[in-house]
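To convert, note that position 73 of the sequence shown is 73 in the UniProt record's numbering; the numbers rise steadily by one, no gaps.
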Amino acid sequence: MDNIPDVVKNVGRVAGWIIGGDGSPKTPQSEDCLTLNVIRPSNYSSYPNGSLPVLVWIYGGGFESGSTVGYDNLTTTVVQRSVELEKPVVVVSMNYRVNAFGFLASQEVSNEGVANIGLQDQRAALRWIKHYIGAFGGNSSQITIWGQSAGAISVALQMLAYDGNNEDLFHGAFMQSGAPIPVGNLTEGQKYYDQLVNGTNCGSSNNTLDCLRSTSLSTLSDAINQTPGLWSYQSLVLAWTPRADGTFLSDNPQRMVQDGKVSNVPMVSGNCADEGTLFAQSSLNVTSDEDFEDYIKTIWLPNASDEELAPLFEQYPSERSAGSPFNTSVANAVTSQYKRIAAFQGDVVFQAPRRFFLQYRADQQPTWSYR
Numbered sequence: 001m002d003n004i005p006d007v008v009k010n011v012g013r014v015a016g017w018i019i020g021g022d023g024s025p026k027t028p029q030s031e032d033c034l035t036l037n038v039i040r041p042s043n044y045s046s047y048p049n050g051s052l053p054v055l056v057w058i059y060g061g062g063f064e065s066g067s068t069v070g071y072d073n074l075t076t077t078v079v080q081r082s083v084e085l086e087k088p089v090v091v092v093s094m095n096y097r098v099n100a101f102g103f104l105a106s107q108e109v110s111n112e113g114v115a116n117i118g119l120q121d122q123r124a125a126l127r128w129i130k131h132y133i134g135a136f137g138g139n140s141s142q143i144t145i146w147g148q149s150a151g152a153i154s155v156a157l158q159m160l161a162y163d164g165n166n167e168d169l170f171h172g173a174f175m176q177s178g179a180p181i182p183v184g185n186l187t188e189g190q191k192y193y194d195q196l197v198n199g200t201n202c203g204s205s206n207n208t209l210d211c212l213r214s215t216s217l218s219t220l221s222d223a224i225n226q227t228p229g230l231w232s233y234q235s236l237v238l239a240w241t242p243r244a245d246g247t248f249l250s251d252n253p254q255r256m257v258q259d260g261k262v263s264n265v266p267m268v269s270g271n272c273a274d275e276g277t278l279f280a281q282s283s284l285n286v287t288s289d290e291d292f293e294d295y296i297k298t299i300w301l302p303n304a305s306d307e308e309l310a311p312l313f314e315q316y317p318s319e320r321s322a323g324s325p326f327n328t329s330v331a332n333a334v335t336s337q338y339k340r341i342a343a344f345q346g347d348v349v350f351q352a353p354r355r356f357f358l359q360y361r362a363d364q365q366p367t368w369s370y371r
């Protein structure tokens, strides 16, 4: 074990926690999944009715997996700690549909107007909370949405939804490791939709979407498991992710941010320093400069020209001491390209979107950031 880089020693445990491995609750699967949990101080009745601030937790998991089950301790601890600080809050956690169940994307999906169902689940939960949280002691005029990773991206996209109209459902936003990411439109997911259709024997159907609807949960789940996942070679180039649908997200999130189509509420947006480190584990077979360049060209930026890519490769040198985890010299260089890929992925998916968001919004609304 002494020769194994530190970053690898814990990756199995961490990845297992994320996907429900040993040491963490298994993510349950059920068609009856759209539930939420309300955690309030045990002595909530001693406070004026409807006076407690409300914190709404949205879990991460790459829009691929996740459940409130894995965060019961977190949400309970937040409430307990708030009471200790004499700043009591009510915390609500919600479930929402993930992977193809929540983020199916294609021309067929666009034609029927049924995109971004996972985000719609979140929105429905927020509407419920706004309407009923007063019965639990919560203040419906003091609701903050809070998420981590894909949950933070969800928070950001709720801020952009319907061109920034938050329906007075929330009054603050806290984003840990996530911001509005470039997602493209629904047709960007066509190849994954087609793979799913073929994997469920729906290819010959006159209406493939109806065929998918009539497919059993087990058959559909098996087919989804054959599509690229968070721990596949393409990693953070997600198959199932929110995409611009012309309604919930009227345009690419970056354009919406530029156009000021953002809910004007106080926000916190921050990242860790080494966001890409864990996800680079799925591309350990990239071991040379040629492999790295091919990986970027084929997986990340297939439409970029060689002239456009040349400065990018210069900004992410193959020097082992330069990449992520940063400031660790040559330690944790699992392969000659590992830290290079980790730095690139961390910047593209986490750091750049956060900085872009803050650049356009910091002088428009109360904003805090950390890294």
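Every residue, glycine too, gets a C-beta built ideally from N, C-alpha and C.
Residue i, buried or exposed, once every other Cβ within 10 Å from all chains shown has been counted against 16
i           : result
G66         : buried
N303        : exposed
A179        : buried
G60         : buried
G138        : buried
R127        : exposed
Q315        : exposed
G102        : buried
L85         : exposed
L217        : exposed
E64         : buried
V330        : exposed
S93         : buried
Q281        : buried
G62         : buried
R81         : exposed
I18         : Confidence at I18 is low in this model, with a pLDDT of 47, below 50, so its placement is unreliable and the value that follows should be read with caution. The residue is buried, with at least 16 neighbouring Cβ atoms inside 10 Å.
D22         : Interpretation of D22 is limited by its pLDDT of 36, a score under 50 that renders its predicted location unreliable; no figure is taken from the coordinates.
S42         : exposed
P253        : buried
residue 384 : Past the boundaries of the shown model lies residue 384; the chain is included only from 1 to 371, so the question cannot be answered.
Option nearest residue i by Cα separation, candidates the options
i    : options                   : result
S336 : E319, S218 and D347       : E319
F279 : N332, A152, R213 and Y233 : Y233
T208 : D222, T219 and Y193       : Y193
G147 : F136, N139 and M159       : M159
R255 : R361, S93, V237 and L126  : R361
I117 : S305, A273, T75 and N95   : N95
Q122 : T68, D289, Q195 and Y338  : T68
A124 : G50, L34 and L52          : L34
P366 : S45, V330 and N264        : N264
I145 : L196, P266 and A223       : P266
I153 : F136, S177, G134 and D32  : S177
N111 : N332, N185, V98 and K297  : N185
P48  : V91, N332, A115 and G134  : G134
S321 : F313, L312, Y338 and E308 : Y338
Y370 : P317, N271, V334 and G246 : N271
K113 : L36, T187 and L312        : In the sequence under discussion, the amino acid at residue 113 is Gly, which differs from the Lys named in the question. Here the closest residue by C-alpha is T187.
G151 : S141, R97 and E307        : R97
H171 : S140, S149 and S305       : S140
Anticipated Cβ contact below 8 Å, residue i with residue j, distance rounded
i    : j    : result
G164 : K261 : 5 Å
G189 : S106 : 6 Å
L169 : K130 : 5 Å
T286 : A244 : Sequence check: residue 286 is Val here, not Thr. Between A244 and V286 the Cβ distance is about 30 Å, and since that is not below 8 Å, they are no contact.
W300 : A100 : Incorrect: roughly 22 Å between the Cβ atoms, too far for contact.
S324 : A342 : 4 Å
S288 : M175 : About 36 Å; that fails the 8 Å criterion.
I143 : P353 : Going by Cβ atoms, the distance from I143 to P353 rounds to 24 Å, so no, they are not a contact pair.
G276 : Q364 : No, G276 and Q364 are not in contact; Cβ-Cβ is about 29 Å, not under 8 Å.
F248 : Y162 : 7 Å
T75  : V91  : 5 Å
V257 : F356 : 7 Å
T215 : T200 : 5 Å
A273 : F350 : Not confirmed; about 10 Å, so no contact.
P242 : L119 : 6 Å
V79  : R40  : 7 Å
V155 : I58  : 6 Å
Y295 : S283 : 6 Å
Per DSSP, the bridge partner or partners of residue i
i    : result
T367 : M267
G323 : Looking at the DSSP assignment, G323 forms no beta bridge with any residue, so it has no partner.
L55  : V91 and T144
G138 : L52
L36  : M94
A244 : N185
beta-carbon residue i near the ligand FMN non-hydrogen atom, thresh 7 Å
i    : result
Q122 : Absent from the structure shown: the ligand FMN. Ligands present: none.
Identify every run of the alpha helix (DSSP H) within the region 156-213, keeping only runs that are complete inside it and at least 4 residues long; order them along the chain.
-> Inside the region 156-213, DSSP marks whole alpha helix (DSSP H) runs of 4 or more residues at positions 190-199, from first to last along the chain.
Output the residue ranges of the beta strand (DSSP E) runs that lie fully inside the region 249-303 and measure 3 residues or longer, sorted by chain position.
-> Taking only runs of at least 3 residues, the beta strand (DSSP E) segments lying wholly in the region 249-303 are 267-270.
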